[in-house]
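Asks: Numbering of the sequence shown is given in my numbering, commencing with residue 1287 and proceeding in unit increments.
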Amino acid sequence: MTFSLDLRRFAEKANRSLDTEVRGIVLELTDDVVLRSPVDTGRFRDAWTIEGLWQPGAMPRSGSVWIVNPMDYGPRLEYGYSKQAPHGMVRLALQRIVSKYGT
């Protein structure tokens, strides 16, 4: 085993760890958004999806992940239409994640 091989293995492990951490933060944010979503029939809450979620090691550092809800009334709910979530869901969940993990 050479020194360069050891460094490569360390880098691969660090990359997997970073991917795992980022994936965990994305899932935590998504869970928070879903739980904050108002419920009438449950369609809106059930419609949240994560797009661009990568396989470990496959996403470049500049990649993006989106938390998406295709329901056309989502923006109204986010900006105060619902008495169950008068301050929205996404902005509050994102604010909590940023305060917990930084920018």
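Cβ atoms here follow ideal geometry from the backbone N, Cα and C, with glycine treated the same way.
If we ignore side chains and look at the alpha-carbon of each, how far apart do Thr1233 and Arg1329 end up?
Replies: The displayed coordinates of the chain run from 1287 to 1389. Any statement about residue 1233 would go beyond what the structure contains.
Asks: Per DSSP, Trp1352 forms a beta bridge with which residues?
Replies: For the purposes of this step, residue 1352 is taken as residue 66 along the sequence shown, with counting starting at 1. Paired residue(s): Glu1337.
Asks: Determine the direct distance from the alpha carbon of Thr1327 to that of Val1308, and round the result to whole angstroms.
Replies: Taking the first residue of the sequence shown as 1, we reach residue 1308 at position 22. Taking the first residue of the sequence shown as 1, we reach residue 1327 at position 41. Straight-line Cα distance between these residues: approximately 32 Å.
Asks: Is Ser1385 helix, strand or coil when you go by DSSP?
Replies: If you number the sequence shown from 1, residue 1385 lands on position 99. Here Ser1385 sits in helix by DSSP.
Asks: From the DSSP output, in three-state form, read off Ser1303 for me.
Replies: Against the sequence shown, residue 1303 aligns to sequence position 17. In this structure, Ser1303 counts as helix in the three-state DSSP scheme.
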